[in-house]
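A.B. asks: Shown below is the structure under consideration.
Numbering (this note's numbering), first residue to last: 7 to 221.
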């Protein structure tokens, strides 16, 4: 996380560093992003940068956290509008539609989600994923609990397995239309939003409702 020096910076300077870092890491990934480029674009020295963050991985975690907070706020606002008690699976379909369409219209969050999920360097990947995963779990866990309590997942559902599947699938469904090579089956790569939404809803229905559909 940022140092006290970072917190004391003028807001304009922090914004410049964040904008430069987000642009660089969004284009090249966390391990592939250049600190020299970030410093040049933000107008700061590399020495100053390391007064703001302990190391590069620390900066990556902070950016992933900020992106996750923006995505989570949007998702939670959508969750609040849906009637989970009246039509649980209908609400889930609506949430998945929102999720897929969100990444069509938010390229910055999409790029940082890709950077977090496709990061090859374990030094960056482990702390970044830890920061991101906590937000997925905080939103998805309570939603699963509503469905489990209402009996929508059978008599003895495996909550942890359901949660693990959602944690795997949601980033994939967000990125598959935009990152070539992720989906060789459903035709999501390069597809329009309507096709991507239908494919995502189909996948989630297969995973969460393998039997006859119903509320």
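Even for Gly, the Cβ is constructed at its ideal location relative to N, Cα and C.
Got a sec? Which residues, its chain only, sit under 6 Å from residue 219 by beta carbon, not counting five neighbours each side?
C.D. replies: Here residue 219 is taken as the residue at index 213 of the chain shown, counted from 1. Because the pLDDT at residue 219 is just 48, under 50, the model does not fix this residue reliably, and the value given afterwards should be weighed accordingly. So no residue of the chain qualifies.
A.B. asks: What is the C-beta distance between residue 199 and residue 107, in whole angstroms, given that I count them as a contact (C-beta under 8 Å)?
C.D. replies: Locating residue 199 in the chain shown gives position 193, counting from the first residue. Locating residue 107 in the chain shown gives position 101, counting from the first residue. Right, their Cβ atoms sit about 5 Å apart.
A.B. asks: In angstroms, rounded to a whole number, what distance separates the CA positions of residue 163 and residue 208?
C.D. replies: Residue numbering aside, residue 163 sits at position 157 when the chain shown is read from its first letter. Residue numbering aside, residue 208 sits at position 202 when the chain shown is read from its first letter. Answer to the nearest angstrom: the Cα atoms are 20 Å apart.
A.B. asks: Since residue 31 contacts residue 121 with CB under 8 Å, what's their CB separation in whole angstroms?
C.D. replies: Residue 31 sits at position 25 when you count from the first residue of the chain shown. Residue 121 sits at position 115 when you count from the first residue of the chain shown. That belief holds up - the Cβ atoms of residue 31 and residue 121 are roughly 5 Å apart, short of 8 Å.
A.B. asks: With distances taken Cα to Cα, identify the nearest neighbour of residue 222 among 116, 148, 46, 111.
C.D. replies: It is not possible to answer for residue 222, since the shown part of the chain is limited to 7 through 221.
A.B. asks: Can you tell me which of 181, 155, 140 puts its alpha carbon nearest to the alpha carbon of residue 170?
C.D. replies: Stepping through the chain shown from its first residue, residue 170 is reached at position 164. Out of 181, 155, 140, 140 has the C-alpha closest to the C-alpha of residue 170.
A.B. asks: State the CB to CB distance for the pair residue 63 and residue 23, rounded to an integer number of angstroms; the pair is presumed to be in contact (CB under 8 Å).
C.D. replies: Translated into the one-based positions of the chain shown, residue 63 becomes position 57. Translated into the one-based positions of the chain shown, residue 23 becomes position 17. Residue 63 to residue 23, Cβ: 16 Å. No contact.
A.B. asks: So, at 7 Å on beta carbons, what are the nonlocal neighbours of residue 65 in its own chain, with the 5 sequence-adjacent residues on each side left out?
C.D. replies: Looking up residue 65 in the chain shown gives position 59. For residue 65, where only same-chain residues beyond five positions count, the Cβ hits under 7 Å are 27, 59.
A.B. asks: Taking only the alpha-carbon atoms, compute the straight-line gap between residue 80 and residue 57 and give it to the nearest angstrom.
C.D. replies: Translated into the one-based positions of the chain shown, residue 80 becomes position 74. Translated into the one-based positions of the chain shown, residue 57 becomes position 51. Residue 80 and residue 57: Cα-Cα distance of roughly 32 Å.
A.B. asks: Are there 16 or more other CB atoms within 10 angstroms of the CB of residue 116, so buried, or fewer, so exposed?
C.D. replies: Within the chain shown, the letter at position 110 stands for residue 116. Buried: at least 16 other Cβ atoms inside 10 Å.
A.B. asks: Would you mind giving the Cβ-Cβ distance between residue 35 and residue 124, rounded to the nearest angstrom? I have them listed as a contact below 8 Å.
C.D. replies: For this step, residue 35 is matched to residue 29 along the chain shown. For this step, residue 124 is matched to residue 118 along the chain shown. Right, their Cβ atoms sit about 7 Å apart.
A.B. asks: Could you give the C-beta distance for residue 172 and residue 119, rounded to a whole number, given that I count them as a contact under 8 Å?
C.D. replies: The count along the chain shown starts at 1 and reaches residue 172 at position 166. The count along the chain shown starts at 1 and reaches residue 119 at position 113. No, residue 172 and residue 119 are not in contact; Cβ-Cβ is about 15 Å, not under 8 Å.
A.B. asks: Give the DSSP-derived three-state secondary structure of residue 9 in the structure shown.
C.D. replies: Counting from 1 along the chain shown, the entry for residue 9 is found at position 3. Here residue 9 sits in coil by DSSP.
A.B. asks: Please classify residue 74 as buried or exposed, where buried requires at least 16 neighbouring CB atoms within 10 angstroms.
C.D. replies: Reading the chain shown from its first residue, position 68 is the one you call residue 74. With 16 or more Cβ atoms within 10 Å of its Cβ, residue 74 is classed as buried.
A.B. asks: Quick check: the Cα distance between residue 194 and residue 202, rounded to an integer number of angstroms?
C.D. replies: The residue labelled residue 194 in the question sits at position 188 within the chain shown. The residue labelled residue 202 in the question sits at position 196 within the chain shown. Cα-Cα distance, rounded: 5 Å.
A.B. asks: When burial is assigned at 16 or more other CB atoms within 10 Å of the CB, is residue 189 buried or exposed?
C.D. replies: For the purposes of this step, residue 189 is taken as the residue at position 183 of the chain shown. With 16 or more other Cβ atoms within 10 Å, it is buried.
A.B. asks: Starting from residue 136, trace the alpha helix (DSSP H) in both directions and tell me its first and last residue.
C.D. replies: On the chain shown, position 130 is the one that residue 136 refers to. Per DSSP, residue 136 belongs to the alpha helix (DSSP H) from 128-155.
A.B. asks: Leaving out five residues before and five after residue 133 in sequence, what residues of the same chain have Cβ atoms less than 7 Å from its Cβ?
C.D. replies: Here residue 133 refers to the residue found at position 127 when the chain shown is read from its first residue. So the qualifying residues of the chain are 63, 67.
A.B. asks: Quick one: using the 10 Å Cβ neighbour count with 16 as the cut-off for buried, is residue 210 buried or exposed?
C.D. replies: Counting from one through the chain shown, the residue named residue 210 turns up at place 204. Burial call: buried.
A.B. asks: Using the Cβ count rule (16 or more neighbours within 10 Å means buried), how would you classify residue 138?
C.D. replies: What you label residue 138 is simply residue 132 of the chain shown in a count that begins at 1. Per the 10 Å Cβ criterion, buried.
A.B. asks: Run the CB neighbour count on residue 155, radius 10 Å, all protein chains shown included, and call it buried at 16 or more, exposed below.
C.D. replies: Walking along the chain shown from the start, residue 155 turns up at place 149. When all chains shown are included, residue 155 counts as exposed.
A.B. asks: Among 213, 142, 8, 114, whose alpha-carbon lies nearest the alpha-carbon of residue 55?
C.D. replies: In the chain shown, the residue the question calls residue 55 occupies position 49. Residue 8 is the option with its Cα nearest to residue 55.
A.B. asks: Give me the Cβ distance between residue 175 and residue 213, rounded to the nearest whole Å; I'm assuming they're in contact under 8 Å.
C.D. replies: Your numbering for residue 175 matches position 169 in the chain shown. Your numbering for residue 213 matches position 207 in the chain shown. Yes, residue 175 and residue 213 are in contact; Cβ-Cβ is about 7 Å, under 8 Å.
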